[in-house]
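From first to last, the protein sequence lines stand for chains F and C. Here our numbering is used: the first residue of the first sequence is 1, the next is one more, and so on. Here our numbering is used: the first residue of the second sequence is 585, the next is one more, and so on. Below is one structure, written out as structure tokens; the observations come after it.
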Amino acid sequence: MKPNELNLGLVGSGGDGVMAAGEIIVTASAREGLNCIMLKSFGPQIRGGESACKIRITSRRCSVQADDLDVLVVFNWSDYRRFGAELTLLPHGVVLEDGEEGDPEPERPFIGSPPHAIYRIPLTRIAREAAGTTLARNMAVIGAICGLADLPEQSHLDSIRNLFERKGEKIVEANFKAFEMGRDFIRNNIKRKEKIRLVRPSVKADPRVVMTGNDSVAYGAMLAGCRFFAGYPITPSSEIMEWLSVFMPKFGGEMIQTEDEIAALSMVLGASLVGRKAMTATSGPGLSLMNELIGLASIAEIPCVIVDVQRAGPSTGIPTKSEQSDLMAAVFGGHGDSPRVVMAPTDVSDCLDVMREAFYVSEKYQIPVIVLSDGSIGQRKAAFAEPDISIVRSWERAHPPVDLDPAEYRRFLFTETGVSPMSIPGVDRMIYRAAGIEHNEFGAPTSEFEMHQRMNEKRYRKLGFIAEEVCFMRHYGPEDAPVGVLAWGSSKGAVREAVENLLDEGYPVKAVVPQVLFPLNTEKLKKLLGPLKKLLVVEMSYSGQFLNLLKTQMDLPEGTVHYGRSGARYLGIHEIMDQVRRLF
Amino acid sequence: MSSTQEAVVAKAQPSDYKTDLKPVWCAGCGDFGVLNALAQAFAGLELTPERTMVVSGIGCSSRIPGYLKTFGFNSVHGRALPIAIGAKLGNPELTILAAGGDGDGFSIGTGHFPHACRRNIDITYVMMDNNIYGLTKGQLSPTSPSEMITTTSGYGSVETPMNPVGLALGCEATFVARGFSGDIKHLVDIIVQGIRHPGFAFIQVLSPCVTFVGKEQFLTIKNQLHYLDQDPDYDNSDLCNAFRVVNEKGRISVGVIHRSNRPSYHDKMAQLHKAVEKDPHKTLASLMDLYRV
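Below you can see the structure in the form of structure tokens.
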């Protein structure tokens with residue numbers, strides 16, 4: 001184990017308070033200036049049922065969950081069965097479970113290496129004694145973890161107070177008591193040398209925030225000036241709509257829950273036509289329903305942002321688990337030739353930046369922008385340095401000149417960039433008819449080959465300018481490394497850490513992660529990949545959608561190898577490291 | 585209008601609301617009547633073209649935004665209503681109409697209709713009903729009468745037609761009317777009332793298809809018309825009355841079939857905005873407090 005890092009896993013049933021405990025630990029760590037990520041895993045239940053969380057606390061920057069755990073807390077062994085494969089232990093890892101001496105030993109269906117030790121803590125007894133209810137078992141667990149891993153007590157107590165404050169001082173005290181009894185049990189029963197220490201940074205880091213990727217998407221959209229949202233609930237994107245239902249009306253916007261995803265994007269296009277910055281958010285099945293309207297936005301040149309928080313598919317697939325398999329649907333979905341932009345955030349704070357960028361591009365180029373987040377980013381809770389929200393690249397749509405004769409107004413004017421002046425009802429004098437039907441520069445319907453060809457040229461012309469202007473690509477490691485990894489979206493976390501670890505081990509390797517996947521700036525990517533002898537393309541898609549997309553856009557280096565597999569289990573750091581080592 | 589002088593001189597004319605584009609409709613199509621009625625209604629209300637938008641889906645009738653000199657959107661099949669709703673929510677100051685046919689609105693687009701009714705957003709929906717798919721050349725429509733022979737019901741339709749007015753009443757629409765494209769004067773009056781209605785207004789217009797149903801349809805309808813506004817016994821605020829005229833035999837009631845005064849979406853939004861004011865976050869930057877630890 002790295003001395004400055006702690007990896008926790010908690011698993012239990014609904015009511016055990018797994019997520020609440022996790023969030024308290026995340027907040028407390030953030031208060032200490034530590035970086036932290038919490039991933040949530042749910043079964044397919046509506047309420048109750050099993051849930052698990054995996055928390056990584058570290059004084060280093062962290063971009064992904066760790067592969068294995070130092071401490072595993074099991075409220076319930078039958079629930080563990082469901083998540084065991086995600087909750088494997090390090091060789092020195094320990095398990096905390098509920099139980100007292102004299103109780104029959106539970107059957108423990110371990111997956112992976114057996115634990116170094118199992119500590120039975122009388123969680124139920126402690127909770128009853130301290131708070132009069134077994135619901136406080138999770139507080140006893142937090143206390144026990146603090147005792148075992150030497151985590152800062154005060155920050156945890158502060159976080160507990162925050163959670164229970166509005167229920168009254170008595171409740172706060174009872175939960176404090178459960179916390180202390182859990183901690184004391186460890187202090188009195190576990191030998192000092194068996195404890196795990198987490199090294200805290202000596203200097204407090206930047207101001208810390210804790211948020212989920214879905215929070216970050218919603219907030220980023222508002223910062224970008226989005227003032228209209230229409231959407232239909234779907235896991236794992238619903239929190240975006242829930243967030244906006246609270247804050248959209250507060251800042252002069254409209255949020256409406258529609259009857260289906262088709263209505264959602266329809267309303268977005270209606271609102272955008274009259275000048276609002278508008279968006280929707282969905283997941284795979286919803287994106288499929290929106291396909292026809294994405295084509296409409298493309299041909300009628302209506303700005304809009306569509307966030308797809310991807311889940312494992314196809315069809316209903318595994319809705320509570322993450323995958324990167326909507327890439328082809330996003331880039332090529334729909335009928336006809338319909339240019340659009342596809343961008344992908346790589347982590348929670350990135351969601352905020354990508355949303356700002358998405359609205360900028362969409363408004364400037366009057367083109368639909370699809371943002372491919374995924375369940376692992378969207379529902380992850382992360383503590384990180386406070387993002388700078390003052391930077392907003394705002395864009396005012398190109399309006400027609402006020403002194404133009406309205407009869408001369410050409411909504412779909414052929415221009416060098418493909419972007420034409422867009423008249424807004426109630427703002428501009430120039431009226432026009434928008435159309436999903438092919439049209440001439442004035443917007444009048446046409447079925448002529450020449451016009452269709454020229455209009456396609458106009459609409460596609462935008463892509464070249466977009467690829468040039470928004471071509472941010474992350475890259476890690478030495479430029480002249482002979483081996484490289486190419487990834488996108490949430491894969492970045494595991495890839496980045498794998499590359500950093502391999503560099504520590506002496507392997508010369510680098511990683512490249514483009515933020516805009518379509519249109520791809522192939523010149524820039526070629527430059528970054530140029531010196532490579534071997535390239536590993538990494539993605540969480542069984543059929544290799546990213547690899548296939550790349551092949552349609554450019555020639556990949558000769559020694560290109562692919563590592564793509566199904567989602568539902570996160571890409572591991574060591575999994576990537578193993579794949580890269582093979583290339584040497 | 586920049587001055588009062590000009591306002592007096594330039595009284596709006598129906599022709600001001602028509603483009604130079606030649607309709608693709610067949611000679612004698614009922615939709616010409618609807619186009620003329622809309623232009624007259626717009627002129628009567630003196631709507632500002634720059635503040636008016638007509639949204640349609642796909643179909644013969646859905647070409648109508650192209651012929652009206654207002655903002656327009658000829659979009660995709662069946663989605664006129666949600667697009668119109670989005671536009672109205674995007675800018676409530678605008679006059680927004682949705683327009684389309686029976687196939688567009690009551691086949692592919694049916695799912696949106698009950699929601700448009702219940703939300704009661706202030707838009708007007710003009711549904712041109714010709715009981716047939718005209719643009720795709722004569723297939724069965726959801727409102728084609730039983731037994732009707734079409735290109736996809738060669739032995740006569742075995743289905744019961746949908747009744748758009750009955751559906752609208754059942755969905756508690758606050759303004760439900762029926763007009764006839766062969767009586768433009770009457771239709772103009774209904775459209776004007778619909779646009780003035782502060783909520784969702786549904787207008788079914790019987791608009792015969794001369795090509796696939798036959799021009800005698802005009803006469804068949806004309807001979808059965810019953811004008812509700814001339815019927816002293818008809819109280820359109822009474823929903824039971826309204827349901828009685830949905831499936832009449834031997835006559836077709838036209839006029840405002842039902843109207844009620846449920847608060848509109850916008851009224852409710854005003855209340856919501858007041859509630860939202862209590863939220864302590866005053867600026868977008870202050871929302872970061874939600875996440876600081």
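Beta carbons: idealized from backbone N, C-alpha and C, even for Gly. None of these values were measured; they are calculated from a predicted model.
- Within 8 Å of the CB of L856/C, the CB atoms of chain F belong to P249, in sequence order along the chain.
- Excluding five sequence positions before and after G572/F, the CB atoms of its chain that fall closer than 8 Å to its own CB belong to D67 and A494, given in chain order.
- Contact between the stretch 732-739 of chain C and the stretch 809-818 of chain C is absent, with fewer than three C-beta pairs closer than 8 Å.
- Buried is the label assigned to T258/F, since at least 16 other Cβ atoms lie within 10 Å of its Cβ.
- Out of L532/F, A467/F, I240/F and S51/F, the CA that lies nearest to the CA of V341/F is found in A467/F.
- Assignment of beta-bridge partners to P514/F by DSSP yields M473/F.
- Sixteen is the threshold: since fewer than 16 other Cβ atoms of the shown chains lie within 10 Å of the Cβ of H92/F, the residue is exposed.
- Nearest CB-CB separation between F655/C and chain F: below the 8 Å threshold.
- DSSP places M328/F in the uninterrupted alpha helix (DSSP H) bounded by L327 to F332.
- Three or more beta-carbon pairs separated by less than 8 Å are not found between the stretch 237-248 of chain F and the stretch 636-644 of chain C, which leaves the two stretches without contact.
- For H865/C, no alpha helix (DSSP H) encloses it, and the DSSP letter there is neither H nor E.
- For K769/C, no beta strand (DSSP E) run applies; the uninterrupted alpha helix (DSSP H) run containing it begins and ends at I768 to R780, by DSSP.
- Less than 8 Å separates the beta-carbon of L10/F from that of C53/F.
- Taking one beta carbon from each stretch, the stretch 328-346 of chain F and the stretch 383-392 of chain F have fewer than 3 pairs nearer than 8 Å; the two do not touch.
- Scanning the stretch 214-257 of chain F for uninterrupted beta strand (DSSP E) segments of 3 residues or longer gives 228-231 and 254-257, listed from N- to C-terminal end.
- Every unbroken stretch of the alpha helix (DSSP H) spanning 4 or more residues and falling wholly within the stretch 278-337 of chain F is given here in chain order: 284-300 and 327-332.
- Pairwise C-beta distances place the stretch 494-506 of chain F out of contact with the stretch 439-447 of chain F, as fewer than three of them are shorter than 8 Å.
- Annotated as distal: Y219/F and D260/F, with beta-carbon spacing of 8 Å or more.
- Counting along the chain, E50/F sits inside the beta strand (DSSP E) bounded by residues E50 to T58.
- Contact with chain C is absent for T124/F, since none of that chain's Cβ atoms lies less than 8 Å from the residue's Cβ.
- What H696/C touches in chain F, judged by beta-carbon distance under 7 Å, is E259 and A263, going in chain order.
- Here P649/C carries a helix assignment [DSSP, helix/strand/coil].
- Chain-order list of chain C residues neighbouring F179/F: empty, with the shortest C-beta distance near 18 Å, by a criterion of under 7 Å.
- Residue-level contact by beta carbon holds for M211/F and chain C, with a gap shorter than 8 Å.
- Interface criterion not met: the Cβ of E97/F is under 8 Å from no Cβ in chain C.
- L673/C sits away from I648/C, with the two beta carbons spaced by 8 Å or more.
- If only uninterrupted beta strand (DSSP E) runs of at least 3 residues are considered, those enclosed by the stretch 139-216 of chain F are 208-212.
- Listed by position along chain C, the residues whose Cβ is nearer than 8 Å to that of D428/F are E634.
- Interface flag for Y875/C against chain F is set, since a Cβ pair is found closer than 8 Å.
- Annotation note: the stretch 349-424 of chain F contains the following uninterrupted alpha helix (DSSP H) runs of length 4 or greater, listed N- to C-terminal: 375-378.
- Cβ neighbours of P115/F within its own chain (closer than 8 Å, five residues either side excluded): L72, L89, G93, V94 and V95.
- Cβ proximity to chain C below 7 Å picks out A444 and P445 from the stretch 438-457 of chain F.
- Contact of S691/C with chain F is not assigned, every C-beta pair being separated by 8 Å or more.
- By the criterion of a C-beta distance shorter than 8 Å, V742/C is surrounded in its chain by S730, once the five residues flanking it on both sides are discounted.
- For D822/C, the number of other beta carbons within 10 angstroms of its own is below 16, and it is reported as exposed.
- Nearest CB-CB separation between S659/C and chain F: below the 8 Å threshold.
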